[in-house]
Amino acid sequence: MLIPVMLGVTFLVFFIISLTPGDAATIILGNGATEESIKELREEMGFNDPLIVQYGNYMKDLLTGNMGTSYSTGKLVSGEIGQRFPNTFKLTFSAIFIAILISIPIGVISATKQYSIFDNTGMIFALVGISMPSFWTGIMLIIAFSLKLGWFPSSGMDGLQSLILPAFTLAIASTASITRTTRSSMLEVVRQDYINTAKAKGVSKKNVIRKHALRNALIPAITVIGLEFGILLGGAVLTETVFSWPGIGRLMVESIQRKDTPMVLGCVIVFAVAFSVVNLIVDILYAYIDPRIKANYN
Amino acid sequence: MLKRLLAISLILVLVLGTLAGCSKPAEPAATEEKPAATEEKPAEPKAEEPKVEVKDEISIALDSDITSLDPQGHNDTKSEAVSFLLYNRLFKLNTDFEVVPDLAESWEQPTDTEWVIKIKEGVNFSDGNEITSEDVKFSLERSQEMPKVKHVLGEVEKIEVVDKYTVKLTTKTAFAPFLYSLVHAGASILPKAYVESGDEFNNPIGSGPYTFVEWVSGDKVVVEKNENYYDKDNMGQTSTITFKVIPEGASRTIALETGEVDVIHSLQTMDINKVVDNSDLTLYEKPSTRVDFFAMNNEKAPFDNKLVRQAVNYAIDKEAIMIVAIDGAGTAAESVLAPSMLGFKAADYEFNPEKAKELLAEAGYPDGFDMTIWTSGDDRKRIAEIIQANLMESGINATIEMYEWGTFIDVCMKGEEESLILGWTSNPDPDATLTPLYYSGNIGGMNFSRINNEKLDNLIISAREELELSKRVEIYNELHEYIMDEAPIVPLFVKNNVVGANAGLKGVELSPQGLWNIEKIHY
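Residue numbers (this note's numbering), protein chains in the order written: chain L, 105 to 402; chain C, 1474 to 1996.
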């Protein structure tokens, strides 16, 4: 599954980048470069070859584990990504962790106490959270917690302290959507007959919610969490920019601006792999949470 | 009970969140708690003595990461700022744009095309090896090979070693701006042995006032003071300098306000007042060499008519444009180059719509005409809108067409446009701007106005070949008058370089190219 996805993704990205206007050689050389040097470089880098040949060459290198060198810095793409990806992973992982920690309890309580003041507040909170663009949230958090209160640094990546604000910023939107999903799927489950049966059997309210309802309600929630993780990887672009976090999202955007094709492709491949792996994990989790799914496979 | 509590606390969080977002900067809250340097040594808790702590490290915010530690592997100002600390060149520029010797001890010109340069003896790279003429020859020859900087020494034909400390450079033609090409980061002197060792600049070795410590991609570059620096008068003043990459403008300003960074390499003009109003911060401004201009396609009617081009020059209100485009952080441009450039002479048109109408009538367009303005990016769109309104006053009906940057440059070089808005940052020597932008041989290249004028060509060439400074200045004076009369473009404004810094810092200097002599900055 992973391999056709990769082939498709690299192919698409390669052609889209080459369709975008602007000459890579001119951009690489920058201000003041002469016509001849641009021509020479174009020849040297193989920009004059037909696109399909360029793509073939790239794939050939990729299969031997060589992602090429960056046009703009001349460094190895794999090295650069190796440096940046762990940072993004750290950020998104913390964000999803925070999101789960907040959203599942709120979702469950909102559902069990539907239309209560808690439910209403929770849902307003979710609506606000989902509506705030992350760059705005980020700036607001910086103003409040770095500028006014001085609790956290506003930028950079020095230890746990500097992780908190960006992770929260990133988590807020996801928290909102996971909360809403958890709530609605809980609402559906608590109306099922087997919940009534459990209650009739005299199972304590706590146990009904935790063991009977929540576990069944988690399936859609986990699907959303998996998807959110992917969205977070992409959404990290803005958060990384606002908080000067040296992650791969920023690297990708900067590379697109510089028309640094090997670097963009490298980033996209890493994103695609990460997304696929997360979804694989989600599939495995389904089986763990819901024995019926496991039974289907046997 | 629990329900209530939870509900109340949630509402509180919401309300607080909103308040935090709305709070006005007028409150003095931010200045009360200054977390700047005090964390370092809390050793003496005596309350009476005013704390005199001298912070021995500074951090400088950059808006993008450097591209390379190889001074010949980049061509941008951020990387240059770091390269200038790590390496020396034969000559350097002072804050007034004058060439002063760095590694060069003395130099002479036996003929118009030969330059014999003697370097200082006993200057060492940070690995302890002495700089010799072999390193100079190697570095300059390497510079001619490296794609990003090969244009810098394009005029050099050959480089010869005369003795251990002397090199002879031969240029292809008599080339007046030659010394200016040696101040570029691409002409840095590198240790031959190190470069040949194949380390790829992971642990670069130079001779500069600072030595390399680490580069965390996308995050920071750290350098520390070179205690053995040869030039005792220009030693580094702070033990450690950290360049922090903060791409977002507002975040950069906040980082300066919270004291996380001490200097902002380029402050966004929007935040100038924030810095001015804050007593803990100081604003530094100096006109740059960047001229933003409105170029008319001189090949296309009606702009092939000089009177029309002059009329457009009269029709445009540069002051208004400057306020909108760069929040007033600059000056209205008075010729095609910035005033800091050699041989500059103001030859401006005043803002006079009536005069513009008269000229248009004289040129045969009493009712004006229709035209299009091409440009790219939000900032320039705002400039275009003002120009549009200005031209309307004089009876010219302009429409604006926006392009994506890559396409924009592409189509403009092909000359498909009628008029366009662009900016150009000049290298120190005027020739580096005049030749690409106004020489007829560069139509199809950077000659965006596509002016093809024999007299102008001759002026450009004779200035670059004139080795005597005073005569060169005269030629440029004449050139400014002539080109502004021909009016191929409307020069709009010269942007200021704007640097924000902690008020406690000393030695912050700017040149027309921005933050300068970073080694001198200290608390």
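Virtual Cβ for every residue (Gly too), placed ideally from N, Cα, C. The structure presented is a predicted model; accordingly, all values stated were derived computationally and were not measured.
For the alpha helix (DSSP H) that contains residue i, what are its first and last residues?
{"i": "L/F272", "result": "265-294"}
{"i": "C/I1860", "result": "1851-1866"}
{"i": "C/K1665", "result": "1665-1669"}
{"i": "L/D262", "result": "No alpha helix (DSSP H) contains L/D262, which DSSP labels as neither H nor E."}
{"i": "L/I156", "result": "155-167"}
What's the C-alpha gap between residue i and residue j?
{"i": "L/N224", "j": "C/L1893", "result": "55 Å"}
{"i": "C/T1755", "j": "C/V1972", "result": "8 Å"}
{"i": "C/E1522", "j": "L/I206", "result": "Bear in mind that the predicted position of C/E1522 carries a pLDDT of just 46, short of 50, making it too unreliable to give a figure here."}
{"i": "L/P190", "j": "C/I1962", "result": "50 Å"}
{"i": "C/Q1861", "j": "C/Y1822", "result": "18 Å"}
{"i": "C/P1964", "j": "C/G1896", "result": "9 Å"}
{"i": "C/Y1996", "j": "C/S1813", "result": "30 Å"}
{"i": "C/T1646", "j": "C/L1942", "result": "17 Å"}
{"i": "C/V1734", "j": "C/D1765", "result": "30 Å"}
{"i": "C/I1948", "j": "C/E1721", "result": "44 Å"}
{"i": "C/K1665", "j": "C/S1612", "result": "7 Å"}
{"i": "L/M110", "j": "L/T327", "result": "22 Å"}
{"i": "L/A321", "j": "L/V381", "result": "23 Å"}
{"i": "C/G1601", "j": "L/D165", "result": "41 Å"}
{"i": "L/F239", "j": "C/G1888", "result": "39 Å"}
{"i": "C/T1639", "j": "C/I1592", "result": "6 Å"}
{"i": "L/S122", "j": "L/L155", "result": "8 Å"}
{"i": "C/N1707", "j": "C/A1774", "result": "56 Å"}
{"i": "L/T241", "j": "C/K1717", "result": "22 Å"}
{"i": "C/E1938", "j": "L/V372", "result": "51 Å"}
{"i": "L/M271", "j": "L/G330", "result": "Here the sequence assigns Ala to residue 271 of chain L, which means Met is not the residue at that position. If you take the alpha carbons of L/A271 and L/G330, they lie about 17 Å apart."}
{"i": "C/V1609", "j": "L/G338", "result": "47 Å"}
For the beta strand (DSSP E) containing residue i, name the first residue and the last one.
{"i": "C/G1803", "result": "1803-1805"}
{"i": "C/G1987", "result": "1987-1989"}
{"i": "L/P209", "result": "Segment 181-216 is the alpha helix (DSSP H) holding L/P209; no beta strand (DSSP E) there."}
{"i": "C/S1532", "result": "1530-1535"}
{"i": "C/D1735", "result": "It is not in any beta strand (DSSP E) - C/D1735 carries neither H nor E in the DSSP assignment."}
{"i": "C/D1636", "result": "1629-1636"}
{"i": "C/E1874", "result": "1870-1875"}
Determine, for residue i, whether the minimum Cβ-Cβ distance to residues of chain L falls below 7 Å.
{"i": "C/A1976", "result": "no"}
{"i": "C/A1649", "result": "no"}
{"i": "C/P1985", "result": "no"}
{"i": "C/S1690", "result": "yes"}
{"i": "C/G1850", "result": "no"}
{"i": "C/K1621", "result": "yes"}
{"i": "C/P1901", "result": "no"}
{"i": "C/K1717", "result": "yes"}
Thinking residue i and residue j are a contact (beta carbons under 8 Å), I'd like their distance in whole angstroms, please.
{"i": "C/A1768", "j": "C/K1791", "result": "At roughly 15 Å, the Cβ-Cβ gap does not stay under 8 Å, so C/A1768 and C/K1791 are not in contact."}
{"i": "C/E1858", "j": "C/I1873", "result": "7 Å"}
{"i": "C/S1808", "j": "C/H1953", "result": "5 Å"}
{"i": "C/R1923", "j": "C/N1771", "result": "5 Å"}
{"i": "L/I243", "j": "C/A1723", "result": "6 Å"}
With a threshold of 7 Å between beta carbons, is residue i in contact with chain C?
{"i": "L/G211", "result": "no"}
{"i": "L/P190", "result": "no"}
{"i": "L/L133", "result": "yes"}
{"i": "L/V346", "result": "yes"}
{"i": "L/P257", "result": "yes"}
{"i": "L/I206", "result": "no"}
{"i": "L/S141", "result": "yes"}
{"i": "L/E147", "result": "no"}
{"i": "L/Q158", "result": "no"}
{"i": "L/Q218", "result": "no"}
{"i": "L/Q296", "result": "no"}
{"i": "L/I246", "result": "yes"}
Which residues share a DSSP beta bridge with residue i?
{"i": "C/F1767", "result": "C/I1894, C/V1963"}
{"i": "C/H1995", "result": "C/K1979"}
{"i": "C/S1579", "result": "C/K1591"}
{"i": "C/K1565", "result": "C/V1573"}
{"i": "C/P1760", "result": "C/N1969"}
{"i": "C/D1843", "result": "C/N1870"}
{"i": "L/V328", "result": "For L/V328, which the question treats as bridged, DSSP gives no partner whatsoever."}
{"i": "C/T1550", "result": "DSSP, once it has assigned bridges, lists no residue as partnering C/T1550."}
At a Cβ threshold of 7 Å, is residue i touching chain A?
{"i": "L/G260", "result": "Absent here is chain A; the protein component of the structure consists of chains L and C."}
Would the C-beta of residue i count as close to the ligand SAH, meaning under 6 Å from any of its heavy atoms?
{"i": "L/S250", "result": "You won't find the ligand SAH in this model; it holds no ligand whatsoever."}
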